[in-house]
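Asker:
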Amino acid sequence: MKDDEDNNTEDEKKKKLIKESRTEETNRADSSVRKLKRPLNDNILESQGIIIGKTLGKGSFAVVKCAYDVNRKTKVAVKIISKKEANYEYLNKFLPREMDTMRMCNHPNLISVYQLIETTSRHFIVMEFVQNGDLLELIKQHKHVEEAIAGRWFTQLYDGIAYLHDRNTAHRDIKCENLLLDQHFILKVSDFGFSKQVLKAKSGTVALSETYCGSYAYAAPELLKGIAYNVFLSDVWSMGVVLYTMVYGLLPFDDSDHKKLVKQVQSTVKFPSTPFVSSRCPKIILKMLAKHKVRVNLKKLAQDEWFKEQYERRESGPPPEFPSPIKQMTLDSFVAGSSKMQDTHLEAESCDL
Ligand SMILES: Nc1ncnc2c1ncn2[C@@H]1O[C@H](COP(=O)(O)OP(=O)(O)O)[C@@H](O)[C@H]1O
Ligand SMILES: [Mg+2]
404 MKDDEDNNTE DEKKKKLIKE SRTEETNRAD SSVRKLKRPL NDNILESQGI IIGKTLGKGS
464 FAVVKCAYDV NRKTKVAVKI ISKKEANYEY LNKFLPREMD TMRMCNHPNL ISVYQLIETT
524 SRHFIVMEFV QNGDLLELIK QHKHVEEAIA GRWFTQLYDG IAYLHDRNTA HRDIKCENLL
584 LDQHFILKVS DFGFSKQVLK AKSGTVALSE TYCGSYAYAA PELLKGIAYN VFLSDVWSMG
644 VVLYTMVYGL LPFDDSDHKK LVKQVQSTVK FPSTPFVSSR CPKIILKMLA KHKVRVNLKK
704 LAQDEWFKEQ YERRESGPPP EFPSPIKQMT LDSFVAGSSK MQDTHLEAES CDL
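What follows is the structure, given as structure tokens:
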């Protein structure tokens, strides 16, 4: 009962605008990225026919730049990691895992890697360029995502993550910032920096992980409590946070106060009364944002009514997907937004390329 009261107060306090989730790693890294003063377009890239353009994003230990690949005759994204700036653990543990996972990825809802280059001072990950930015930016611009579109993106997120889980790999950093949208607004999961291959016994038993990874706002309760956790089930929790954030336009849990966050994630999540969302949608969210013992796994998630409906709709093609004029407007606003974002990218590129 007390938990519920606390939760209500938290809800009232919660800012309407979602903010970027922060990790200790992110905070450390932002300052390290700012420190990078030397030019990033090493000669090695030019010798490979890769001409570096503007910055697309900055993450924990890397800067991601847009580039033109002369040989592939296409735009690419290059993630640049400075060996001097990144810490030992990242370079020797997380980065090799990121590269291994990327080599394995061959799925329309996962970012593909084209080339991995290493010099004495840097690592370069040359990958598929995704032009419509990340999901967090899009939610910020549009306040929230209309349910039919959120359903489409959620099923795409599901397909990408299911591909990884089928290969015994967990993502461990599923969050809106790491979900990118291509020119057709197809969702692509990116940033495999915390991904991990986990052994599964024939019985289905999974070796538990003890390393804390990811962003607090997307972290499952067992992870926040610091107990050994099933990485596949913690990915499902983060997927629940993503769906909630898309449809309601705010994060379900406030990560500004760690103690309160730990308490919040252990009580039943509250849903705002607006925007309107069909009753089936909170039901599937509750299955994901549940205690790990009763949390749905990916296989069972696919049997959920809301999920099946979204999946069928997606497979039957776009026109019947957005029948009402209101819904059509929402889609149009995404397309309008996209051309704005594309222009920004084009402008940026024309300055630099
Ligand atoms: N392939 C890509 N195409 C376009 N933008 C990208 C691409 N990869 C990353 N970005 C942008 O760069 C940001 C940081 O990249 P990410 O791989 O998440 O780095 P980090 O591991 O440092 O978080 C992303 O949030 C996104 O905005
Ligand atoms: Mg990232």
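Remember, our numbering sits 403 above the position in the sequence shown when you count from 1. Even glycine gets a Cβ: it sits at the ideal position worked out from N, Cα and C.
(1) Could you pull the DSSP bridge partners for Thr572 from this structure?
(2) Please return the same chain residues whose Cβ sits closer than 7 Å to the Cβ of Leu664, not counting the five positions on each side in sequence.
(3) Could you pull out every unbroken alpha helix (DSSP H) segment of at least 4 residues lying fully inside the segment 438 to 520, listed in chain order?
(4) Can you name, in chain order, every residue of its own chain whose Cβ lies under 7 Å from the Cβ of Val668, other than the five neighbours on each side?
(5) Helix, strand or coil for Ile528 per DSSP?
(6) Using a Cβ cut-off of 9 Å (strictly closer), state whether Leu583 contacts chain D.
(7) Excluding five sequence neighbours on each side, which residues of the same chain lie with their C-beta closer than 6 Å to the C-beta of Lys666?
(8) Is DSSP giving Asp562 helix, strand or coil here?
(9) Just how far apart, CA to CA, sit Ala553 and Ile454?
(10) Per DSSP, which residues does Leu654 bridge with? Please list them.
(11) I'd like to confirm the pairing. Which residues does DSSP put opposite Ser612 in its beta bridges?
(12) Per DSSP, which residues does Asp707 bridge with? Please list them.
(13) Would you call the segment 543 to 558 in contact with the segment 466 to 478, where contact means no fewer than 3 C-beta pairs closer than 8 Å?
(14) Please list, following the chain, all residues that have a C-beta closer than 6 Å to any non-hydrogen atom of ligand 2.
(15) Expressed to the nearest angstrom, what Euclidean distance is found between the alpha-carbon atoms of Pro685 and Tyr615?
(16) Put Val672 into one of helix, strand or coil per three-state DSSP.
(17) Regarding Leu583 and ligand 1, is the C-beta to nearest heavy atom distance less than 8 Å?
(18) In the DSSP assignment, find the beta strand (DSSP E) that holds Leu583 and state where it starts and stops.
(19) In terms of DSSP beta bridges, what is Lys591 paired with?
(20) Can you have a look at Asp407 and say buried or exposed, based on whether 16 or more other CB atoms are within 10 angstroms of its CB?
(21) Would you kindly work out how many angstroms separate the C-alpha atoms of Thr426 and Gly617, rounded to a whole number?
(22) Rounded to a whole number of angstroms, what is the C-alpha to C-alpha distance between Val592 and Leu560?
(23) Consult DSSP for Asp660 and reduce its assignment to one of helix, strand or coil.
Answerer: In this structure, then:
(1) Gln600
(2) Tyr619, Leu627, Phe656, Asp657 and Asp658
(3) 446 to 450 and 498 to 507
(4) Pro624, Leu627 and Phe656
(5) strand
(6) Any reference to chain D falls outside this structure, which holds one protein chain only.
(7) none
(8) helix
(9) 35 Å
(10) For Leu654, which the question treats as bridged, DSSP gives no partner whatsoever.
(11) Tyr632
(12) DSSP output for Asp707 lists no bridge partner at all.
(13) no
(14) Gly462, Glu580, Asn581 and Asp594
(15) 28 Å
(16) coil
(17) yes
(18) Leu582 to Leu584
(19) Leu583
(20) In this prediction, Asp407 scores a pLDDT of 42, lower than 50, which makes its location untrustworthy; the coordinate-derived value is nonetheless stated afterwards. Exposed is the call here.
(21) Low local confidence applies: a pLDDT of 37 at Thr426 is under 50, so the model's placement there is unreliable, with the coordinate-based value given in what follows. Each residue's alpha carbon lies about 7 Å from the other.
(22) 7 Å
(23) coil
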